[in-house]
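Per my numbering, the very first residue in the first sequence carries number 3; after that it's consecutive.
The beta carbon of each residue, even a glycine, is placed where N, CA and C say it ideally should be.
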Amino acid sequence: MVRTRIAPSPTGIAHLGTAYTALRNWALARREKGQFIIRIEDTDRDRYVEGAEKIIFEALEWLGLDNDEGPNVGGPHAPYTQSQRLDLYKKHAQKLVKKDKAYYCFCTKDRLEKIRLEQQARKELPRYDRHCRHLSPAEIKKHLSANDPYVVRLKVPQKGVTVAHDVIRGEVKFENSGLDDQVLLKSDVYPTYHLAVVVDDHLMKITHIIRGEEWLSSTPKHILLYQAFGWKLPIFAHLPIIRNQDHSKMSKRHNDVSILSYRDRGYLPEALNNFLALMGWSHPAKKEVFDLQDFVTHFSLERVQLTAPVFDLTKLNWLNGIYIRKLPDADLALRLQPFIPPGCPDDIFKKIIPLVKERLVTLADFESLTEFFYRDIKLTTKDLTEQSRHSAPDTAKALKQFTHDLEKLSSSAWQTQKLDAVGHAILKSLSWSPRELFMTIRVAVTGKEATPPLFETMEVLGKKEVIKRLNYASSRLRRDFR
RNA sequence: GCCGCCAUCAUCUAGAGGCCUAGGAUACAUGGUUCUCAACCAUGGCACACCGGUUCGAAUCCGGUUGGCGGCACCA
C-alpha cells in the first residue's frame with residue numbers, strides 16, 4: 003500500500019513549492035490507489051503564523067489535491083498536527099537516549115555561540131564539539147535534578163558511511179564524520195524537524211518520502227534515526243527544486259510564490275497544475291496539455307528529471323489561455339464571477355464572454371478588455387484622425403454618414419451581419435481603405451485600437467449607445483476643427 | 001570553506017551508444033487569414049559547458065575541469 007504525504011509548515015503563505023511537491027505525492031498515491039496524507043509541521047513556535055494552516059488547505063482544495071488523512075479530515079493516525087504530538091516525540095527521544103543512540107546536552111546557547119565563533123575564526127566548519135556526549139551518569143543526574151534545561155542530540159557514529167538510496171538520483175553517500183550531532187529535542191521540549199519527521203513518517207506508515215532536493219543533505223541524519231530506532235526505511239525521492247530566473251531557489255523576492263495569489267490573479271487551477279506537472283517531468287506521450295487525471299495515470303518517479311527547472315510565467319500564461327478557451331461559455335461565466343468589474347451589467351456580461359474568451363490570458367484581464375462596454379470612454383480628435391490619412395472634416399463626414407445609415411436599422415435588425423453590411427456599403431461609397439474606416443469607427447465607438455470584432459462589439463453595445471458614441475465623436479471632430 | 005546534487009536552444013523539455021547534420025513546446029521574428037487585437041496556420045533563427053578517455057561509432061558510458069544550485073541552526 004502506497005502512502006505519501008506532504009508536511010507543510012504554517013509559516014504564512016501556501017507556497018508554490020508545496021503545490022509542486024503535493025501534486026507529485028498526490029498523483030503517486032492516486033495512481034497506486036493508496037493514501038495521500040497532509041501533516042502540519044508546526045514545531046517552530048517562533049515562525050508560527052495564525053491562520054496559515056487554513057490557507058494551506060484552501061490552496062490545496064482549490065487545486066483539487068484532496069487528502070485522505072490530515073487535520074482537516076482526521077484519520078487512524080491522528081492527530082496530524084505535530085504540536086499535538088509532543089509527548090510522542092519526547093517519548094521517542096528518551097527511547098533513543100536509553101538505547102545510547104542519543105544523549106542529553108546541557109550546553110547553553112551562549113556556549114554554542116562561543117564555540118561557533120571560535121570555529122569560524124579558525125576557519126573550521128561550525129558544528130557541535132560533542133562536549134556533552136561523554137558526560138558521566140553522575141554529571142547527567144546532577145544536571146537533571148538541578149532542572150537544567152537540556153536538548154537531546156543524536157549520537158552520530160564517528161566512522162562509516164551512510165548511503166541514501168534515492169529513486170531519482172541513485173546512491174548518495176555521506177561520510178558520517180561529516181555529520182553533526184543533530185539536536186532532536188529542543189529545550190522547549192518541541193522536537194526538531196528531523197526527529198518529528200522520522201517519528202511521524204514511521205508511525206503514519208508513510209512508504210514514499212517525496213520531497214524537495216533541499217532535503218537531500220539531511221537524509222543521512224534521517225536514515226541514521228531510522229536505524230537507531232530499528233525501523234524499516236521508506237523509499238526516498240528528492241525532487242529537483244524550482245528556481246528563479248536567476249537560477250537561485252525560488253523565492254518571493256523574484257516570483258510570486260503564493261498559490262492563492264495565482265487564483266486571485268485569475269489563473270485556473272487546471273492550468274497551474276498542468277504547468278507544475280511540466281516542471282522537471284514530461285508526459286511519456288510528449289503531451290504538453292493534459293488534465294489531472296491524465297497526470298495521475300502517467301506520472302512516475304522514473305521520468306522525473308534531475309535538473310532543477312526555472313519558473314517561467316510565460317509558459318503558465320500560455321497554458322492559462324488554453325484552458326480558458328477550452329471552457330464552455332457558461333463555465334467561463336462561473337469562473338469569472340469573482341472578476342466581474344464594478345458597473346458591469348449582468349446582461350452585457352453574458353454577451354461579452356464569447357467576444358473576449360480567446361483574448362483572455364487570465365480571468366483578471368476581463369476588466370481591462372471589456373471596460374469600454376459599460377463605462378464612459380475617453381476620446382480625442384487625435385485618436386480619431388490618427389486612424390486614417392483623412393482630414394478631420396472628412397472623418398466627421400464619414401462617421402456622420404455611417405451614423406445616419408445605422409439609424410435606419412430597426413432595433414430588431416441590430417445584428418452583427420446587418421451592421422457588417424451597412425459598414426461595407428459605406429466603405430464602397432468612400433475612397434477609404436477598410437482598415438482606415440473600420441479603425442476610425444472602432445476608436446469612435448470603443449476608444450480603443452484593439453477590441454473584439456467591430457460589428458459584434460456594436461451588436462452587444464446596442465443601437466442607442468453606438469449612435470450616442472458616434473454622434474459624440476463626430477461633433478467632437480467638428481468642434482475641434484473650428 | 002566543507003559536504004552533496006546538477007549540466008541539451010532564452011525557458012520547459014525529448015533523448016537511456018548508431019534512428020540526432022539533436023525532436024517537440026513556450027517565447028521571439030517573418031508571412032498568411034483579417035476591420036484592430038487575439039486565436040489559428042506556415043516559415044525561420046536559437047542548444048548537447050569544456051578537455052581527455054572507452055568504442056568502428058558518444059548528447060548518451062568513464063575521468064577531470066569549469067560553472068550553477070542546494071545544505072551545513074535548539075528553522076522547516
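In whole angstroms, give me the CA-to-CA distance for ARG327 and LYS157.
The alpha-carbon atoms of ARG327 and LYS157 are separated by roughly 59 Å.
So, with DSSP's three-state summary, where would you put GLU43?
GLU43: coil per DSSP, three-state reduction.
If I follow the unbroken beta strand (DSSP E) through GLU177, where does it start and stop?
From DSSP, the beta strand (DSSP E) with GLU177 extends over 172-177.
Within 10 Å of its beta-carbon, does SER250 have 16 or more other beta-carbons around it, so buried, or fewer, so exposed?
With fewer than 16 Cβ atoms within 10 Å of its Cβ, SER250 is classed as exposed.
Suppose you measure from the CA of LEU411 to the CA of ILE324; what does that come to, to the nearest Å?
Distance between the alpha carbons of LEU411 and ILE324: 38 Å.
To which residues of the same chain is PRO311 closer than 8 Å at the C-beta, ignoring the five residues directly before and after it?
Hits under 8 Å: PRO242, ILE244, ARG245, MET281 and GLY282.
By DSSP, does ALA167 sit in helix, in strand, or in coil?
Reading the sequence as shown, one finds His at residue 167 and not Ala. HIS167 falls in the strand class under three-state DSSP.
Which runs of the alpha helix (DSSP H) fall wholly inside the segment 61-148 and span at least 4 residues, in chain order?
Whole alpha helix (DSSP H) segments, 4+ residues: 88-100, 111-123 and 139-147.
Quick check on this structure: which residue in ILE57, ALA446, THR299 and LYS100 has the alpha carbon closest to the alpha carbon of ILE230?
According to the sequence provided, residue 230 is Ala. The question's Ile does not apply to it. It is LYS100 whose Cα lies nearest to the Cα of ALA230.
Could you give the residue range of the beta strand (DSSP E) that holds ILE1?
Given a span of 3 to 484 for the chain in the structure shown, any question on residue 1 remains unanswerable.
Since PHE375 and LEU456 should fall inside the 8 Å C-beta cutoff, what is the C-beta to C-beta distance between them, to a whole number of angstroms?
Going by Cβ atoms, the distance from PHE375 to LEU456 rounds to 13 Å, so no, they are not a contact pair.
Within 10 angstroms of its Cβ, does THR486 collect 16 or more other Cβ (buried), or is it exposed?
Residue 486 lies beyond the stretch modelled for the chain, which goes from 3 to 484, so this question has no answer here.
What is the DSSP secondary structure of PHE238, reduced to helix, strand or coil?
PHE238: strand per DSSP, three-state reduction.
Can you give me the C-alpha to C-alpha distance between LEU67 and LYS175, rounded to a whole angstrom?
Roughly 34 Å separates the two Cα atoms.
Given a threshold of 16 other Cβ atoms within 10 Å of its Cβ, counted over all protein chains shown, does ASN149 qualify as buried or as exposed?
Classification for ASN149: exposed.
Under the three-state reduction of DSSP, which class applies to LEU365: helix, strand or coil?
Correct three-state label for LEU365: coil.
What number of angstroms, rounded off, separates the C-alpha of LYS430 from the C-alpha of LEU439?
Their backbone Cα atoms lie some 11 Å apart in a straight line.
Over the uninterrupted alpha helix (DSSP H) stretch that includes VAL191, give me the two end residues.
From DSSP, VAL191 is part of no alpha helix (DSSP H); its letter is neither H nor E.
State yes or no: is the C-beta of LEU30 within less than 8 Å of the C-beta of ILE212?
It is a contact, given that the beta carbons lie within the stated cut-off.
Specify the secondary structure class of SER435 as computed by DSSP and reduced to three states.
Coil, per DSSP.
Going along the chain, which residues of its own chain have a beta-carbon closer than 8 Å to the beta-carbon of ALA400, five neighbours each way excluded?
Taken in chain order, the residues that qualify are HIS392, ILE428, LEU432, TRP434, LEU439 and THR442.
Among ASP266, LEU294, LEU262 and ALA287, which one has its Cα closest to the Cα of ALA277?
This sequence places Phe at residue 277; Ala is not what is there. Among ASP266, LEU294, LEU262 and ALA287, the Cα nearest to that of PHE277 is on LEU294.
Take LEU386 as the anchor and find which of THR405, ALA446 and ALA415 has the nearest alpha-carbon.
With distances taken between Cα atoms, LEU386 lies closest to ALA446.
Which residues in the same chain as ALA273 place their Cβ atom closer than 7 Å to its Cβ, once the five residues preceding and following it in sequence are excluded?
Only LEU318, LEU321, ASN322 and TYR325 meet the Cβ criterion.
Specify, as a first and last residue, the run of the beta strand (DSSP E) that LEU156 falls within.
Per DSSP, LEU156 belongs to the beta strand (DSSP E) from 153-156.
From the DSSP output, read off the bridge partner residues of SER260.
In DSSP, SER260 forms a bridge with HIS17.
I'd like the ranges of any alpha helix (DSSP H) spanning at least 4 consecutive residues and lying wholly in the segment 301-351.
Whole alpha helix (DSSP H) segments, 4+ residues: 315-328 and 331-338.
Assign MET3 to one of two classes, buried (16 or more other C-beta atoms within 10 Å of its C-beta) or exposed (fewer than that).
Counting Cβ neighbours within 10 Å, MET3 comes out exposed, since fewer than 16 surround it.
Is DSSP giving LYS35 helix, strand or coil here?
Coil.
Along the beta strand (DSSP E) that carries THR6, what are the first and last residues, could you check?
Segment 5-8, the beta strand (DSSP E) holding THR6.
If we ignore side chains and look at the alpha-carbon of each, how far apart do ASP348 and HIS285 end up?
Cα-Cα distance, rounded: 41 Å.
Going by DSSP, what residues sit across from ARG245 in a beta bridge?
ARG245 is bridged to LYS251 and VAL312.
Thinking C-alpha only, which one of LYS359, THR397 and LEU408 is nearest LYS384?
That would be THR397, whose Cα lies nearest to the Cα of LYS384.
Taking SER220 and HIS196 to be in contact with their CB atoms under 8 Å, please state how far apart those CB atoms are, rounded to whole angstroms.
Correct: roughly 7 Å between the Cβ atoms.
Does the beta-carbon distance from VAL185 to ARG155 come in below 8 Å?
Yes.
Cα separation between ASP258 and ASP266?
Cα to Cα, ASP258 sits roughly 12 Å from ASP266.
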